[in-house]
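Colleague: Residue numbers (our numbering): 2 to 442. Here a beta-carbon is modelled for each residue, glycine too, at the ideal position from N, C-alpha and C. What you are looking at is a predicted structure, and each value in this text was computed from that prediction instead of being measured.
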Amino acid sequence: MQKLLARSLSNKLIAIKRVTQVNAGRKTTGVDNKRYLTDNARWQLAQEPFDYRNFKPLPVKRVHIPKSKGKFRPLGIPTIKDRVMQMMIKAALEPEWEARFEPNSYGFRPGRNTIDAIKQIQRYLQGRSRSPWILDADISACFDTIAHEPLLKRIPVFKTIVRRWLKAGVVEMGKWHMTATGTPQGGIISPLLANIALDGLERLFGAISGTGRYLSPQQRKGLNKGIGLVRYADDFVITAPSKEVIEGYILPKVTEFFRERGMILNTEKTRIVQRREGFNFLGITIRLYETKNSRRLRATPQKWKVNNFLRYIKAIIQSSISHTTDNFIDKLNPVIRGWTNYYRHVSSSKTFNKVSYQLFRMLWRWIYRRHPTKSAQWRKDRYYRQVGTRKWTFCTDNKYLLDPSTVRISRYASVRTSTSPYDSTQRDYWTQRRSRPVRNI
2 MQKLLARSLS NKLIAIKRVT QVNAGRKTTG VDNKRYLTDN ARWQLAQEPF
52 DYRNFKPLPV KRVHIPKSKG KFRPLGIPTI KDRVMQMMIK AALEPEWEAR
102 FEPNSYGFRP GRNTIDAIKQ IQRYLQGRSR SPWILDADIS ACFDTIAHEP
152 LLKRIPVFKT IVRRWLKAGV VEMGKWHMTA TGTPQGGIIS PLLANIALDG
202 LERLFGAISG TGRYLSPQQR KGLNKGIGLV RYADDFVITA PSKEVIEGYI
252 LPKVTEFFRE RGMILNTEKT RIVQRREGFN FLGITIRLYE TKNSRRLRAT
302 PQKWKVNNFL RYIKAIIQSS ISHTTDNFID KLNPVIRGWT NYYRHVSSSK
352 TFNKVSYQLF RMLWRWIYRR HPTKSAQWRK DRYYRQVGTR KWTFCTDNKY
402 LLDPSTVRIS RYASVRTSTS PYDSTQRDYW TQRRSRPVRN I
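Structure representation (structure tokens):
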């Protein structure tokens, strides 16, 4: 069935549509510098053979994009044709692996997102009887160090074409370099291959019974009792009953697991903490707050992420001094909406109010720069109006700026980890869930 799907004309046409029309990187070229942005070009692409048995991929083009704290992330950009072929093979491989993946793996999987991972961590840590110690871990250069042979042993179908992609090499500054390890970030199939390579981490600690049933941390026996694991791509968290269990049992097993796959833990980002100390995961700080009468585990926006967001907003405002107010609002609203949508499922009310105040100060300075000789009352009347009960709403006759403090914190329904979007018996559940999407940032 997988081979039939990989050769399907319908699969090819869907892959071409997604790669050349839907995907955000459709205008980005690979080493052949070819784009397929017109109907005629896409039609010509559809006439070409895409047979995985004799397909010859080209090397990826290496580029570097900035990431946090002044570092850069290497990306490998495949050609459009390679992306189409990868999309076709992914469509054939993914349903099988979605039925096999461990329940608490959330990164780069259909129907799952970062908030699902955060909510699962909260469930592991809440309550007096829960495991209070956390191993907050990160894999060093995960995508670049995955060993090829252990990965290929796990893929009995399409092994030849996957090997060709892994060994195609990279072109950087006009020079070809061999790829002995890793799967390039930027490839459509790379996240799936990384998840396949990392699958099995949760099973190390007795998460799956001999009959294939999932066992919660409290149902497990021996040293595995109380150990919970949540993974999002190459970031993962393990909860445990004690620091000794982490140091003497968990870390050795995890280290050996990664060694067999060619990877090592990132010592800079891996640490052992108690839940009352708190830790950051996927842009969110999780911490237990205790008083004489109460204990509450809270998930809040990470302070560094908040400051980074404000710096980004400030840069947009400073670069928009000559823009019309309508265009200015059009630039800011998608950024504010995306950021608040991500954090509206955790304890963000205080953060949203602080961001709203800082945004107001930035806007007022922007207005002053545009009209330095006008009075404060004139500036207020020109740019602010009452909308509902809010007297200071930055707006024009046609649109208004989204105020973070007005975004309501909403409860989030976590994904059923035992279900797959490819399971036809769960179609109603997934249709309903897709009507309330949550986007990762």
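For Ile442, which residues of its own chain have a beta-carbon under 7 Å away from its beta-carbon, when the five flanking residues on both sides are left out?
Modeller: Caution is warranted here: a pLDDT of 46 is assigned to Ile442, below 50, making its placement in the model unreliable, and the coordinate value is therefore given only provisionally. If we look at Ile442 and ignore the five residues flanking it on each side, its Cβ neighbours are Gly339, Trp340, Tyr343.
Colleague: I'd like to check one pair, Arg380 with Trp393: are the Cβ atoms closer than 9 Å?
Modeller: Not in contact: Trp393 and Arg380 (Cβ atoms no closer than 9 Å).
Colleague: Tell me whether Pro218 sits in a helix, a strand or coil according to DSSP, three-state version.
Modeller: Note: Pro218 maps to helix in three-state DSSP.
Colleague: Here's a check: name, in chain order, each residue in its chain whose Cβ is nearer than 6 Å to the Cβ of Phe329, leaving out the five neighbours to either side.
Modeller: Around Phe329: Ser321.
Colleague: For Ile66, count neighbouring C-beta atoms within 10 Å of its own C-beta (all shown protein chains included) and say buried if the count is 16 or more, exposed if not.
Modeller: Ile66 is exposed by the Cβ-count criterion.
Colleague: Hey, Ile78 and Lys35: beta-carbon distance below 9 Å or not?
Modeller: Cβ distance not < 9 Å, so Ile78 and Lys35 don't count as in contact.
Colleague: What did DSSP end up calling Leu298 once you bin it into helix, strand or coil?
Modeller: In the structure shown, Leu298 sits in a strand (DSSP, three-state: E or B).
Colleague: On a Cα-Cα basis, can you pick out the residue from Tyr290, Gln123, Ile122 that is closest to Glu278?
Modeller: When only C-alpha atoms are compared, the closest one is Tyr290.
Colleague: Tell me whether Ser106 sits in a helix, a strand or coil according to DSSP, three-state version.
Modeller: DSSP places Ser106 in strand when its eight states are reduced to three.
Colleague: Do you know how far the Cα of Ser376 is from the Cα of Tyr430?
Modeller: Going from the Cα of Tyr430 to the Cα of Ser376 covers about 57 Å.
Colleague: Tell me which residues share the same chain as Gln127 and place their Cβ nearer than 8 Å to its Cβ, disregarding the 5 neighbours each side in the sequence.
Modeller: So the qualifying residues of the chain are Leu298.
Colleague: Within the present structure, is the beta-carbon of Thr432 separated from the nearest heavy atom of the ligand FAD by less than 8 Å?
Modeller: Within the structure as shown, the ligand FAD is missing, as the structure has no ligands at all.
Colleague: Report the partner residues of Val64 according to the DSSP bridge assignment.
Modeller: According to DSSP, Val64 bridges with Leu76.
Colleague: If you draw a straight line from the C-alpha of Lys306 to the C-alpha of Val172, how long is it?
Modeller: Their backbone Cα atoms lie some 33 Å apart in a straight line.
Colleague: So Ser406 and Ser357 are in contact, right, with Cβ under 8 Å, and what is the actual spacing, rounded?
Modeller: The pair is a contact, with the Cβ atoms about 4 Å apart (cut-off 8 Å).
Colleague: Please confirm if the stretch 210-229 is in contact with the stretch 180-198, defined as three or more CB-CB distances below 8 Å between the two stretches.
Modeller: Short answer: they don't touch.
Colleague: Between Lys254 and Val238, what straight-line distance do the alpha-carbon atoms span, to the nearest angstrom?
Modeller: For Lys254 and Val238, the distance between alpha carbons rounds to 14 Å.
Colleague: Taking buried to mean at least 16 other C-beta atoms within 10 Å of its own C-beta, is Val85 buried or exposed?
Modeller: Its Cβ being crowded by 16 or more others within 10 Å, Val85 is buried.
Colleague: Can you give me the C-alpha to C-alpha distance between Thr397 and Thr326, rounded to a whole angstrom?
Modeller: Those two C-alpha atoms are separated by around 7 Å.
Colleague: In whole angstroms, what is the alpha-carbon distance linking Gln123 and Leu224?
Modeller: Each residue's Cα considered, the two are about 22 Å apart.
Colleague: When you compare the stretch 190-203 with the stretch 225-244, are there three or more beta-carbon pairs, one atom per stretch, that lie closer than 8 Å?
Modeller: Segments in contact, yes.
Colleague: Mind checking which residues open and close the beta strand (DSSP E) that includes Phe310?
Modeller: Premise fails: Phe310 lies in the alpha helix (DSSP H), 304-319, not in any beta strand (DSSP E).
Colleague: Go ahead and pull the three-state DSSP assignment for Gln275.
Modeller: Note: Gln275 maps to strand in three-state DSSP.
Colleague: Nearest CA to the CA of Val347: which residue from Asp117, Asp40, Lys160?
Modeller: Measuring from the Cα of Val347, the nearest candidate turns out to be Asp117.
Colleague: Decide if Tyr37 is buried, meaning its Cβ has at least 16 other Cβ atoms within 10 Å, or exposed.
Modeller: The residue in question, Tyr37, is buried, as its Cβ has 16 or more Cβ neighbours within 10 Å.
Colleague: Express the C-alpha separation of Pro192 and Ile162 in angstroms, rounding to a whole number.
Modeller: C-alpha separation (whole angstroms): 16 Å.
Colleague: Identify, in the order they occur along the chain, each residue of the same chain with its Cβ nearer than 8 Å to the Cβ of Arg370, setting aside the five sequence neighbours on each side.
Modeller: Ile322.
Colleague: Determine the closest residue to Ile273 out of Ile285, Ile247, Asn267, Lys293, with distance taken between C-alpha atoms.
Modeller: When only C-alpha atoms are compared, the closest one is Ile247.
Colleague: Identify which residue in Ile209, Glu95, Gln219, Thr21 has its Cα closest to the Cα of Pro422.
Modeller: Closest option to Pro422, Cα to Cα, is Glu95.
Colleague: Just to confirm my understanding: we take Gln303, look at its own chain, exclude 5 residues before and 5 after, and list those with CB closer than 7 Å. What are they?
Modeller: These residues qualify, in order along the chain: Asn281, Gly284, Ile285, Thr286.
Colleague: Rounded to the nearest angstrom, what separates Pro367 and Tyr384 at their Cα positions?
Modeller: Contrary to the premise, residue 367 reads as Trp rather than Pro in this sequence. One C-alpha to the other measures close to 11 Å.
Colleague: With a threshold of 8 Å, are at least 3 pairs of Cβ atoms found where one atom belongs to the stretch 259-273 and the other to the stretch 137-157?
Modeller: Taking 8 Å as the limit for Cβ pairs, the verdict is that the stretch 137-157 does touch the stretch 259-273.
Colleague: Kindly indicate which residue of Glu203, Thr268, Arg63 has the alpha-carbon position closest to the one of Asp139.
Modeller: Looking at the Cα atoms, Thr268 is the closest of the given residues.
Colleague: Would you kindly work out how many angstroms separate the C-alpha atoms of Ser132 and Arg221, rounded to a whole number?
Modeller: C-alpha separation (whole angstroms): 13 Å.
Colleague: Considering only C-alpha positions, which residue in the set Arg232, Lys270, His324, Arg8 is nearest to Glu103?
Modeller: Selected option, being the one with the closest Cα: Arg232.
Colleague: Would you tell me roughly how many angstroms separate the C-alpha atoms of Gly249 and Glu49, rounded to the nearest one?
Modeller: Rounded to whole angstroms, Gly249 to Glu49 spans 56 Å at the Cα level.
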